[in-house]
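Heads up: the protein sequence lines correspond to chains A and B, in order.
One rule links them: number in my numbering = place in the first sequence (from 1) + 1131.
One rule links them: number in my numbering = place in the second sequence (from 1) + 1131.
For every residue, glycine included, the Cβ atom is placed at its ideal position computed from N, Cα and C.
Remarks on the structure that follows.
Protein chains: 2
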Amino acid sequence: MSARMKLGVFLWATGHHIAAWRHPKTHVTAGIDIDHYIALARTAEAAKFDMIFCEDAAGLREANVGIASQTSRSIGFEPISLLSALAVQTTRIGLVSTASTSYNEPYGLARTFLSLDHLSGGRAGWNLVTSASPIEAANFGATGLKPHADRYERAREFAEVVTGLWHGKASGHVGQSFSVRDPLDLPSSPQGAPVMVQAGASDVGRDLAARTADVVFTAAQTFEEAKAFYDDLKGRMAAHGREPDDIKIMPGVAPVVAETEAEAREKFEELQELIPDDVGVTLLSSYLSISDLWRYPIDGPLPELPESEGMKSRQALVVEQSRRDGLSIRQLARHFAGARGHWRIVGTAAQVADELQARFEGGAADGFNVMPAYFPGELDAFAALVVPELQRRGLFRMEYEGTTLRAHLGLKRPS
Amino acid sequence: MSARMKLGVFLWATGHHIAAWRHPKTHVTAGIDIDHYIALARTAEAAKFDMIFCEDAAGLREANVGIASQTSRSIGFEPISLLSALAVQTTRIGLVSTASTSYNEPYGLARTFLSLDHLSGGRAGWNLVTSASPIEAANFGATGLKPHADRYERAREFAEVVTGLWHGKASGHVGQSFSVRDPLDLPSSPQGAPVMVQAGASDVGRDLAARTADVVFTAAQTFEEAKAFYDDLKGRMAAHGREPDDIKIMPGVAPVVAETEAEAREKFEELQELIPDDVGVTLLSSYLSISDLWRYPIDGPLPELPESEGMKSRQALVVEQSRRDGLSIRQLARHFAGARGHWRIVGTAAQVADELQARFEGGAADGFNVMPAYFPGELDAFAALVVPELQRRGLFRMEYEGTTLRAHLGLKRPS
Ligand SMILES: Cc1cc2nc3c(=O)[nH]c(=O)nc-3n(C[C@H](O)[C@H](O)[C@H](O)COP(=O)(O)O)c2cc1C
Ligand SMILES: Cc1cc2nc3c(=O)[nH]c(=O)nc-3n(C[C@H](O)[C@H](O)[C@H](O)COP(=O)(O)O)c2cc1C
């Protein structure tokens, strides 16, 4: 646990609430509106966020084209081009993009992120994912999604090559999946190396994080889940010769905040009512990696599920919640559609701050990746209401102290 | 031949002259200095250039690390991140980046360029290359550079998938090298589709250009070479159901310009004297795709060469020049090092304009890709001296008439 919490903002087209695009205060083309993103980045920087975070998938975000077009992020920029543009429209905030180890090559990826790092004066980070989506897989050949273990085996070697290149190890790498002869045509990073982020939560995913990551994003609903994940991951660090504090654990949080609790609830209900049932159920199916959930009665319980080759941790999360609260498919669909499996807090700034403080001081998080329900409204509300409350409590910085992402996060400069 | 000539500016770290980095008016870190690039882009835009052009290779630009570090582009940004940053610092100028069909996948590449196109309001272009460099190949596996024919076969299918995706053809592609199921998660381009550029000059390269390209870059020393290439390529268009004017042919030109001819010659000689012999010979070797040129007497003739699997057209160019002018290895090395195989003009604005006009009006070019010897000095000189001269002659625009790259180039909007 660090002295002050870290805050990222996860930018995503019209917003994280699946129905954000139907909200009267969003515009459907936000995902390809660079002025929209520049405004969000500046708001986040003025609020002293550590970083902007972008997800990625080279494909539609939902399998069904009709459903995909009815979600908050039906269209959107490719994140490297987006963050490169934001790099020259901001001066301090970190810029983290997701990129896949399954559909890229390490030389090109290492080069692109180091280039973004130089462009931004040392503010870049790479969120390593192995890409669990079969939708994405179908755009990269006919053989389908590779097994979980194979993806992670490739990811491990991939990360090793990338960090080797970042650290100027010119000596050729010859391995199982990759062979790379030369160094990059770039000098070393202004921050030592771009920040390594990871978001896998399976056993092998956690091991990879403990070995290589500086930051980990997670999805945890309850304090207990978050705490268990936190302790488990920090506990794995020693085996890799690292200190627990060398990795910052930042669960996603989907807040809806207003001056009064009633107002916040009203805002949230307004969004929930915009979710079409078919969209909610389809999203739930993708979390569960099954395709025929719509065959089951929507007001009945979840059926028995085959083990997922996709997002194991996401599936487990849904199944557990369904058992714990006895929720129907419709209820689960609404629940997960609303926050996409992330932790949701609806309330006043004090209430949101209380919850964040409890997880932070309770040793369940080093910070949070904030996922506003719709943009710019809910980011504005978080920046105007919650950030000052956290600052008053001494939980968040008043000013940036350094100029690099690594400095914001209090990470050691790699040697 | 179009009414007015098209002009691109090829941005490249400290400059196109191999010794630009040693010039007193450049700085060695220009290749990773975003402010340097922003200033260049703004100069080019103020001069109404059609576009900025970036080369690309995922690897060192010279095989020998020691030599690579002694060239004008020893370090440099990855071009997509660079152009994305420039997109939000400019408003009109086109943004063209090279990207390889050998080390990318079509879904990802189509997405990235369309994203840049949306970021820039319809100003993006893709320069398709198959990547002839064995240096680059060694960073993508242990099997080495693939044969020329195989690279082009992959490139043909690659281009077909990319343009299909840009035109919103959602129907899955299942082919020899690629299988792509879904459409992109982006609406169609503000300019119909990003501009397709091509720079291969072999027979199969020309055929691919005639089939798919909107713009072709070439390297031609003499009027006759340029004219022959021009006529050949325009002549290939009908076979693909296209008009000759649907493709714009823009040879590279490396001008050194000053108020007087003597001054221009002096500037050029100053640069030539900065070239170390070992660097010149190494660069020449890479154009010839042979590795042991240094074994031959530097003041003797070129040895007999094996046929290249790399840049066939480049090799032919050097061999021909060597025969025609009876040049020694040292002389060839200096000659090609100076302009990297491109057409060089040293003189006053009127002399440079005369030469460009002769090729343009003589039906050997639709425009030119300008390769300044060093930055910013020689771009500034071209913008201040040559552009106004071309404008006075009615050969170049006074103002942008449209907002997209396709509009600048006078290309039809694809349906
Ligand atoms: C906050 C967060 C963001 C994520 N973003 C992405 C993403 O952008 N792209 C992606 O393919 N997976 C993303 N994931 C999924 C994970 O990275 C990972 O691929 C997935 O959890 C499967 O790995 P696991 O089986 O180790 O959990 C994200 C997960 C979390 C918690
Ligand atoms: C102006 C110009 C720029 C080029 N830029 C690149 C480049 O950035 N990267 C690359 O791999 N090849 C580049 N090339 C090489 C060609 O694209 C092509 O790969 C090469 O000429 C081999 O193809 P060919 O055998 O058809 O000529 C360039 C060529 C020209 C004329």
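Per DSSP, the unbroken beta strand (DSSP E) holding Trp1257(A) starts and ends at 1255–1260. In this structure Asp1377(B) touches Lys1543(B) by the C-beta definition: roughly 7 Å separates them, less than 8 Å.
By the neighbour-count definition (other C-beta atoms within 10 Å, threshold 16), Met1502(A) is a buried residue. Ile1149(B) and Thr1202(B) have their C-alpha atoms roughly 5 Å apart. Contact holds between the segment 1354–1373 of chain B and the segment 1482–1497 of chain B, because three or more Cβ pairs, one in each stretch, are under 8 Å apart. What His1249(B) touches in chain A, judged by beta-carbon distance under 8 Å, is Ile1163, Ile1165, Phe1208, going in chain order. For Ser1212(A), the uninterrupted alpha helix (DSSP H) run begins and ends at 1210–1218, by DSSP. In this structure, Gly1146(A) sits near Ala1504(A), with a CB-CB distance shorter than 7 Å.
Listed in chain order, the non-local C-beta contacts of Met1327(A) below 8 Å within the same chain comprise Gly1256, Trp1257, Leu1259, Ala1290, Thr1294, Thr1343, Ala1344, Asp1345, Val1346, local neighbours out to five positions each way being set aside. Not one heavy atom of ligand 1 lies closer than 6 Å to the C-beta of Asp1181(A). In the three-state DSSP reduction, Ala1230(B) falls in the strand class (E or B). The way I'd put it, the segment 1319–1337 of chain B doesn't touch the segment 1279–1289 of chain A; fewer than three beta-carbon pairs between them come closer than 8 Å. In chain order, Gly1303, Ser1310, Val1311, Arg1312, Asp1313 make up the part of chain B whose C-beta sits under 9 Å from the C-beta of Ala1269(A). For Phe1527(B), the distance from the CB to the nearest heavy atom of ligand 1 is not below 6 Å. Each of Gly1239(A), Arg1426(A), Gln1322(A), Arg1312(A) was checked against the Cα of Arg1223(A), and the nearest Cα belongs to Gln1322(A). Scanning chain A for C-beta atoms nearer than 7 Å to the C-beta of Leu1191(B) yields Asp1313, Asp1316, reported in chain order. Around Arg1282(A), no beta-carbon contact reaches into chain B at under 9 Å, the shortest distance being about 16 Å.
About 6 Å separates the beta carbon of Ala1395(B) from that of Val1388(B), a gap short enough to meet the 8 Å contact definition.
Pairwise C-beta distances place the segment 1454–1466 of chain B in contact with the segment 1407–1424 of chain B, as three or more of them are shorter than 8 Å. Ranked by Cα distance from Asn1500(B), the options Asp1485(B), Arg1475(B), Thr1479(B) are led by Arg1475(B).
Assignment of beta-bridge partners to Phe1348(B) by DSSP yields Met1381(B).
Per DSSP, the unbroken beta strand (DSSP E) holding Trp1474(B) starts and ends at 1474–1478. Per DSSP, reduced to three states, the secondary structure at Lys1179(B) is coil, with no helix or strand assignment. Taking each of Pro1434(A), Asp1187(A), Ala1480(A), Tyr1418(A) in turn and checking the Cα distance to Gly1162(A), the smallest one comes out for Asp1187(A). For the pair Ser1416(B) and Leu1433(B), the CB atoms are not nearer than the 7 Å cut-off. Against chain A, the CB of Ala1255(B) has no partner CB under 7 Å away; the residue lies outside that interface. A direct Cα-Cα distance of roughly 16 Å separates Gly1533(A) from Met1136(A). Spanning the alpha carbons of Val1450(B) and Ser1262(A) requires a straight line of approximately 49 Å. Cβ-Cβ separation between Asp1181(A) and Leu1540(A): approximately 6 Å, consistent with a contact (criterion under 8 Å). With three or more CB-CB distances shorter than 8 Å, the segment 1308–1317 of chain A counts as touching the segment 1184–1199 of chain B. Taking the CA atoms as reference points, Gly1336(A) sits about 33 Å from Gly1431(A). At a cut-off of 7 Å between beta-carbon atoms, Ser1262(B) makes no contact with chain A.
If only uninterrupted alpha helix (DSSP H) runs of at least 4 residues are considered, those enclosed by the segment 1495–1521 of chain B are 1508–1512.
Note on geometry: alpha-carbon atoms of Ala1481(A) and Phe1141(A) lie some 22 Å from one another. Taking the Cβ of Asp1187(B) as the reference point, at least one heavy atom of ligand 2 falls within a distance shorter than 6 Å. The residue among Val1219(A), Met1381(A), His1154(A) with its C-alpha nearest the C-alpha of Arg1173(A) is Val1219(A).
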